[in-house]
Amino acid sequence: DAGVIQSPRHEVTEMGQEVTLRCKPISGHNSLFWYRQTMMRGLELLIYFNNNVPIDDSGMPEDRFSAKMPNASFSTLKIQPSEPRDSAVYFCASSSQRLAGNNEQYFGPGTRLTVT
Amino acid sequence: AQSVTQLGSHVSVSEGALVLLRCNYSSSVPPYLFWYVQYPNQGLQLLLKYTTGATLVKGINGFEAEFKKSETSFHLTKPSAHMSDAAEYFCAVSDREDSSYKLIFGSGTRLLVRP
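Protein chains in written order, with my numbering: chain F, 15 to 130; chain C, 847 to 961.
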């Protein structure tokens with residue numbers, strides 16, 4: 015299995031530009047999570063999907079952030095417009111939640127975003 | 847609300863010494879419990895998890911953790927540290943009564959291994 019795939023691995027952009035981060039979950043997993051990691055705030059859950067439906071987006075910091083999951087094998091996290099304080103590592107994780115207790119999450123390698 | 851406390855943001859041990867990383871959870875109903883490791887510039891990787899049954903759980907790379915209900919703890923140990931163990935370690939919990947299966951992560955403990 016290829017694991018969770020994220021692209022790009024690194025993104026450098028200027029303030030005000032639109033940024034799109036992409037994630038391909040592990041085949042067969044029905045839940046997908048987007049996290050943000052910074053030195054100041056640690057690991058934060060932004061949003062998660064179950065069976066392609068957004069369940070909880072309470073962690074999304076502002077309306078500038080949006081996420082979609084058009085099908086079971088693809089999700090995007092978009093920031094428009096981007097700001098320097100959005101600089102962080104963004105992780106995508108997936109899990110299979112069909113069995114009680116089997117909710118371990120598998121993380122992708124992350125996208126390091128730098129907004130100048 | 848469920849919370850996780852990792853005591854010590856940084857732990858330093860000598861190579862060959864015992865590793866002990868502490869994790870306490872807050873709920874009265876024991877949650878599912880996890881330890882993840884993050885190596886530099888990588889994503890989080892599952893070390894081990896406790897769902898039910900035997901309270902001493904063995905994971906990868908020689909790590910193990912013991913669930914102690916009376917202490918609401920799930921501390922991570924390794925008898926002998928190796929240089930390659932230097933990384934950040936995260937304890938996480940998932941509420942058994944929450945159908946969302948979200949993981950709540952601790953703030954992490956950075957392990958430094960001295961030669």
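For each residue, glycine too, the CB sits at the ideal point set by N, CA and C.
### Task
Would you kindly work out how many angstroms separate the C-alpha atoms of isoleucine 93 of chain F and arginine 23 of chain F, rounded to a whole number?
In a straight line, the C-alpha of isoleucine 93 of chain F is about 16 Å away from that of arginine 23 of chain F.
### Message
Between C/Tyr947, C/Ala847, C/Gln852 and C/Ala900, which has its C-alpha nearest glycine 56 of chain F's C-alpha?
### Response
Selected option, being the one with the closest Cα: C/Gln852.
#### Entry: Own chain, CB closer than 7 Å to asparagine 870 of chain C, minus 5 neighbours either side, in chain order
Excluding five sequence positions before and after asparagine 870 of chain C, the CB atoms of its chain that fall closer than 7 Å to its own CB belong to Thr851, Thr918 and Ser919, given in chain order.
### Assigned secondary structure, proline 68 of chain F (DSSP; H/G/I helix, E/B strand, else coil)
Proline 68 of chain F: strand per DSSP, three-state reduction.
### Query
Going by other Cβ atoms of all chains shown within 10 Å of its Cβ, with 16 needed for buried, is arginine 960 of chain C buried or exposed?
With fewer than 16 Cβ atoms within 10 Å of its Cβ, arginine 960 of chain C is classed as exposed.
### Test: glycine 42 of chain F CB closer than 8 Å to a CB of chain C
Residue-level contact check: glycine 42 of chain F does not touch chain C, since none of the beta carbons of chain C fall below 8 Å from its beta carbon.
### Three or more C-beta pairs below 8 Å linking the region 950-960 of chain C and the region 893-907 of chain C
Segments in contact, no.
### Task
State buried or exposed for leucine 866 of chain C, treating a residue as buried only when at least 16 other CB atoms are found within 10 Å of its CB.
The Cβ neighbour count for leucine 866 of chain C, taken over all protein chains shown within 10 Å, is under 16; the residue is labelled exposed.
### Message
Assuming the contact rule is C-beta atoms closer than 8 Å, serine 45 of chain F and phenylalanine 63 of chain F should be a hit. Round their C-beta distance to whole Å, please.
### Response
Indeed they touch by this definition, with Cβ atoms about 7 Å apart.
### Message
Determine, for proline 123 of chain F, whether the minimum Cβ-Cβ distance to residues of chain A falls below 8 Å.
### Response
Looking for chain A here will not work: the only protein chains present are F and C.
### Query
Using a Cβ-Cβ cut-off of 6 Å (strictly less than) and excluding sequence neighbours within five positions of aspartate 941 of chain C, which residues of its own chain qualify?
Gln848 and Pro877.
### Task
Thinking tyrosine 120 of chain F and isoleucine 61 of chain F are a contact (beta carbons under 8 Å), I'd like their distance in whole angstroms, please.
With a Cβ gap of about 17 Å, tyrosine 120 of chain F and isoleucine 61 of chain F do not count as contacting.
### Task
Output the boundary residues of the beta strand (DSSP E) element that contains proline 84 of chain F.
It spans 79-85 - the beta strand (DSSP E) in which proline 84 of chain F sits, taken as one unbroken run.
### Query
Who are the neighbours of glutamine 888 of chain C on chain F, taking C-beta pairs under 7 Å?
Here the neighbours are Pro123.
### Query
By Cβ distance below 8 Å, which residues in the same chain neighbour glycine 17 of chain F in space, the five residues on each side in sequence not counted?
Taken in chain order, the residues that qualify are Ile40, Tyr120 and Gly122.
### Message
Counting only C-beta atoms, is tyrosine 104 of chain F closer than 8 Å to chain C at any point?
### Response
Answer no: the Cβ-Cβ gap between tyrosine 104 of chain F and chain C never drops below 8 Å.
### Task
Taking only beta-carbon positions, decide if glycine 905 of chain C is within less than 8 Å of chain F.
Taking Cβ atoms only, chain F never reaches closer than 8 Å to glycine 905 of chain C, which makes this a no.
### Message
Taking the beta carbon of isoleucine 950 of chain C as the centre, do at least 16 other beta carbons fall within 10 Å, making it buried, or is it exposed?
### Response
Isoleucine 950 of chain C comes out buried.
### Task
Give the range of the beta strand (DSSP E) segment to which tyrosine 885 of chain C is assigned.
Careful: tyrosine 885 of chain C lies outside any beta strand (DSSP E) and carries neither H nor E.
### Message
Taking only three categories from DSSP, how would you classify arginine 956 of chain C?
### Response
DSSP, reduced to helix, strand and coil, places arginine 956 of chain C within a strand of the structure shown.
### Query
According to the Cβ coordinates, are leucine 890 of chain C and valine 903 of chain C closer than 8 Å?
In this structure, valine 903 of chain C does not lie closer than 8 Å to leucine 890 of chain C by Cβ.
#### Entry: Residue from C/Glu912, C/Ala911 and C/Leu892 whose Cα sits closest to the Cα of serine 109 of chain F
The residue with the shortest Cα to Cα distance from serine 109 of chain F is C/Leu892.
### Query
Cβ of glycine 124 of chain F within 8 Å of Cβ of tyrosine 104 of chain F?
Result yes, Cβ atoms of glycine 124 of chain F and tyrosine 104 of chain F sit closer than 8 Å.
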